[in-house]
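Per the numbering used here, the sequence shown runs over residues 877 to 1046. We treat Cβ as the ideally placed atom computed from N, Cα and C, and that holds for glycine.
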Amino acid sequence: MPTRRYSADSRRTELLERIESDIPYAVAQALREDLGGEVDAGRDITAQLLPADKQAEATVITREAGVFCGRRWLNEVFIQLGNQVQVEWLVADGDRLTPNQPLCRLRGPARVMLTGERTALNFVQTLSGVATEVSRYVALLEGTRTRLLDTRKTLPGLRTALKYAVLCGG
877 MPTRRYSADS RRTELLERIE SDIPYAVAQA LREDLGGEVD AGRDITAQLL PADKQAEATV
937 ITREAGVFCG RRWLNEVFIQ LGNQVQVEWL VADGDRLTPN QPLCRLRGPA RVMLTGERTA
997 LNFVQTLSGV ATEVSRYVAL LEGTRTRLLD TRKTLPGLRT ALKYAVLCGG
(Lines of atoms letter the chains of each structure in order from A and count residues from 1; the text may use other names and numbers.)
(Lines give C-alpha, C1' and ligand atoms only; values in the text may rest on other atoms or scores of the structure.)
Protein backbone atom coordinates (compact mmCIF):
# COMPACT_ATOMS: atom_id res chain seq x y z
CA MET A 1 0.00 0.00 0.00
CA PRO A 2 1.63 3.27 -1.07
CA THR A 3 2.14 5.99 1.51
CA ARG A 4 0.54 9.34 0.78
CA ARG A 5 2.71 12.35 1.44
CA TYR A 6 1.32 15.79 2.02
CA SER A 7 3.29 18.97 2.20
CA ALA A 8 2.87 21.19 5.25
CA ASP A 9 1.42 23.87 2.97
CA SER A 10 -1.24 21.56 1.53
CA ARG A 11 -2.23 20.39 5.03
CA ARG A 12 -2.43 24.01 6.22
CA THR A 13 -4.60 24.97 3.24
CA GLU A 14 -6.89 21.98 3.82
CA LEU A 15 -7.22 22.85 7.52
CA LEU A 16 -8.07 26.49 6.82
CA GLU A 17 -10.73 25.46 4.29
CA ARG A 18 -12.25 22.88 6.61
CA ILE A 19 -12.35 25.13 9.65
CA GLU A 20 -15.05 27.37 8.20
CA SER A 21 -17.59 24.55 8.30
CA ASP A 22 -16.29 23.02 11.54
CA ILE A 23 -16.61 26.16 13.69
CA PRO A 24 -20.43 26.48 13.50
CA TYR A 25 -20.80 22.76 14.23
CA ALA A 26 -18.43 22.79 17.24
CA VAL A 27 -20.04 25.94 18.67
CA ALA A 28 -23.57 24.56 18.24
CA GLN A 29 -22.54 21.36 20.02
CA ALA A 30 -21.01 23.32 22.91
CA LEU A 31 -24.02 25.62 23.24
CA ARG A 32 -26.46 22.70 23.19
CA GLU A 33 -24.45 21.00 25.92
CA ASP A 34 -24.35 24.18 28.03
CA LEU A 35 -27.99 25.12 27.49
CA GLY A 36 -29.61 21.75 28.03
CA GLY A 37 -30.08 20.54 24.49
CA GLU A 38 -31.01 23.59 22.41
CA VAL A 39 -29.21 26.65 21.07
CA ASP A 40 -31.58 29.13 22.67
CA ALA A 41 -30.47 32.09 24.80
CA GLY A 42 -33.81 31.91 26.61
CA ARG A 43 -32.87 28.55 28.18
CA ASP A 44 -30.20 30.07 30.46
CA ILE A 45 -32.01 30.46 33.78
CA THR A 46 -29.26 32.62 35.30
CA ALA A 47 -29.47 35.10 32.41
CA GLN A 48 -33.24 35.28 32.91
CA LEU A 49 -32.59 37.00 36.25
CA LEU A 50 -31.45 40.08 34.32
CA PRO A 51 -33.99 42.56 32.92
CA ALA A 52 -34.82 41.72 29.29
CA ASP A 53 -33.96 45.24 28.08
CA LYS A 54 -30.66 45.52 30.01
CA GLN A 55 -27.73 46.38 27.74
CA ALA A 56 -24.16 45.65 28.79
CA GLU A 57 -20.55 46.27 27.85
CA ALA A 58 -17.65 44.02 28.74
CA THR A 59 -13.95 43.78 28.03
CA VAL A 60 -12.29 40.37 27.83
CA ILE A 61 -8.73 40.50 29.17
CA THR A 62 -5.97 37.96 29.60
CA ARG A 63 -4.42 37.22 32.96
CA GLU A 64 -1.20 35.72 31.66
CA ALA A 65 1.23 36.10 28.80
CA GLY A 66 0.58 33.74 25.91
CA VAL A 67 -0.53 33.36 22.31
CA PHE A 68 -4.13 34.17 21.40
CA CYS A 69 -6.42 31.82 19.49
CA GLY A 70 -10.20 31.54 19.22
CA ARG A 71 -11.51 34.71 17.66
CA ARG A 72 -13.85 33.00 15.18
CA TRP A 73 -15.23 30.67 17.84
CA LEU A 74 -16.16 33.56 20.15
CA ASN A 75 -17.78 35.39 17.23
CA GLU A 76 -19.75 32.27 16.28
CA VAL A 77 -21.08 31.81 19.82
CA PHE A 78 -22.77 35.20 19.69
CA ILE A 79 -23.90 34.75 16.07
CA GLN A 80 -25.71 31.55 17.05
CA LEU A 81 -27.30 33.28 20.04
CA GLY A 82 -29.06 35.78 17.77
CA ASN A 83 -26.24 37.96 16.42
CA GLN A 84 -27.12 40.81 18.83
CA VAL A 85 -23.70 41.23 20.48
CA GLN A 86 -21.15 43.48 18.81
CA VAL A 87 -17.55 42.34 19.17
CA GLU A 88 -14.67 44.78 18.70
CA TRP A 89 -11.45 42.82 18.38
CA LEU A 90 -8.18 44.21 19.68
CA VAL A 91 -6.07 41.12 18.85
CA ALA A 92 -5.84 38.51 16.11
CA ASP A 93 -5.25 34.77 16.25
CA GLY A 94 -1.53 34.14 16.67
CA ASP A 95 -0.82 37.44 18.46
CA ARG A 96 1.48 37.32 21.47
CA LEU A 97 -0.25 38.54 24.63
CA THR A 98 0.89 40.28 27.79
CA PRO A 99 -0.80 39.96 31.20
CA ASN A 100 -3.97 42.07 31.57
CA GLN A 101 -4.09 42.84 27.84
CA PRO A 102 -7.59 43.57 26.49
CA LEU A 103 -8.59 41.05 23.82
CA CYS A 104 -11.98 42.37 22.75
CA ARG A 105 -14.91 44.53 23.79
CA LEU A 106 -18.48 43.27 23.77
CA ARG A 107 -21.69 45.33 23.60
CA GLY A 108 -25.23 44.04 23.54
CA PRO A 109 -28.07 42.50 25.52
CA ALA A 110 -26.85 41.47 28.97
CA ARG A 111 -28.82 38.21 28.86
CA VAL A 112 -27.22 37.12 25.61
CA MET A 113 -23.74 38.11 26.79
CA LEU A 114 -24.14 36.13 30.01
CA THR A 115 -25.52 33.12 28.15
CA GLY A 116 -22.64 33.03 25.65
CA GLU A 117 -19.85 34.01 28.00
CA ARG A 118 -19.08 30.52 29.36
CA THR A 119 -18.96 28.83 25.98
CA ALA A 120 -17.04 31.65 24.29
CA LEU A 121 -14.40 31.81 27.03
CA ASN A 122 -14.06 28.02 27.11
CA PHE A 123 -13.11 28.06 23.42
CA VAL A 124 -10.74 31.03 23.81
CA GLN A 125 -9.05 29.58 26.90
CA THR A 126 -8.61 26.10 25.44
CA LEU A 127 -7.36 27.23 22.03
CA SER A 128 -5.12 29.97 23.44
CA GLY A 129 -3.69 27.47 25.93
CA VAL A 130 -2.77 25.09 23.13
CA ALA A 131 -1.30 27.91 21.01
CA THR A 132 0.72 29.13 24.00
CA GLU A 133 2.16 25.69 24.79
CA VAL A 134 3.02 25.08 21.13
CA SER A 135 4.84 28.43 20.98
CA ARG A 136 6.92 27.39 24.02
CA TYR A 137 7.94 24.15 22.36
CA VAL A 138 8.72 25.93 19.10
CA ALA A 139 11.01 28.31 21.02
CA LEU A 140 12.76 25.38 22.72
CA LEU A 141 13.36 23.69 19.37
CA GLU A 142 14.64 26.82 17.64
CA GLY A 143 18.07 26.28 16.10
CA THR A 144 17.63 22.51 15.91
CA ARG A 145 16.58 20.32 13.02
CA THR A 146 13.70 18.91 15.05
CA ARG A 147 10.20 19.63 13.76
CA LEU A 148 7.12 19.79 15.93
CA LEU A 149 4.16 17.89 14.47
CA ASP A 150 0.58 17.55 15.62
CA THR A 151 -1.31 14.26 15.56
CA ARG A 152 -4.85 12.96 15.29
CA LYS A 153 -5.00 12.48 19.07
CA THR A 154 -7.34 15.32 19.89
CA LEU A 155 -10.58 15.83 21.79
CA PRO A 156 -13.68 14.53 20.01
CA GLY A 157 -15.34 17.27 17.97
CA LEU A 158 -12.40 19.65 18.35
CA ARG A 159 -9.77 18.15 16.05
CA THR A 160 -9.82 20.98 13.52
CA ALA A 161 -9.95 23.65 16.24
CA LEU A 162 -6.98 22.17 18.10
CA LYS A 163 -4.96 21.77 14.91
CA TYR A 164 -5.70 25.42 14.12
CA ALA A 165 -4.46 26.38 17.60
CA VAL A 166 -1.23 24.48 16.89
CA LEU A 167 -0.89 26.48 13.68
CA CYS A 168 -1.39 29.76 15.59
CA GLY A 169 1.22 28.75 18.15
CA GLY A 170 3.95 28.32 15.63
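Check: Cut-off 7 angstroms between Cβ atoms - residues of its own chain near E964, not counting five sequence neighbours on either side; Outcome: C980, R981
Check: Check whether A986 and A932 have beta carbons under 7 angstroms apart; Outcome: yes
Check: Sequence-distant residues of its chain with Cβ nearer than 6 angstroms to V1010 (five each side left out); Outcome: V1042, G1045, G1046
Check: Host beta strand (DSSP E) of P984 (start-end); Outcome: Residue identity check: residue 984 is Gly in the sequence provided, not Pro. It spans 978-985 - the beta strand (DSSP E) in which G984 sits, taken as one unbroken run.
Check: Separation of L1034 from G918, as counted between CA atoms; Outcome: 26 angstroms
Check: Cβ pair R947, D969 closer than 7 angstroms; Outcome: yes
Check: The segment 891-898 in contact with the segment 933-942 per 3-pair CB rule at 8 angstroms; Outcome: no
Check: Assigned secondary structure, R1076 (DSSP; H/G/I helix, E/B strand, else coil); Outcome: The structure shown does not extend to residue 1076, since the chain is modelled only from 877 through 1046, so no value can be given for it.
Check: C-beta contact flag for D956 and V915 at 7 angstroms; Outcome: Note that residue 956 is Gln in the sequence shown here, rather than Asp. Cβ distance < 7 angstroms, so Q956 and V915 count as in contact.
Check: Whole-number beta carbon distance between L907 and V953, since they are thought to touch under 8 angstroms; Outcome: 7 angstroms
Check: E1018, buried or exposed, once every other Cβ within 10 Å from all chains shown has been counted against 16; Outcome: exposed
Check: Outcome for G913 when other beta-carbon atoms lying within 10 angstroms are tallied against a minimum of 16; Outcome: exposed
Check: Residues sharing a beta bridge with A932, DSSP; Outcome: G984
Check: Neighbourhood of T1036 by C-beta distance below 6 angstroms, restricted to the same chain and skipping five residues each side; Outcome: R894, I895, D898
Check: For G942, the residue or residues it bridges with in DSSP; Outcome: L973
Check: C-alpha distance - L911 paired with V988, whole-angstrom precision; Outcome: 12 angstroms
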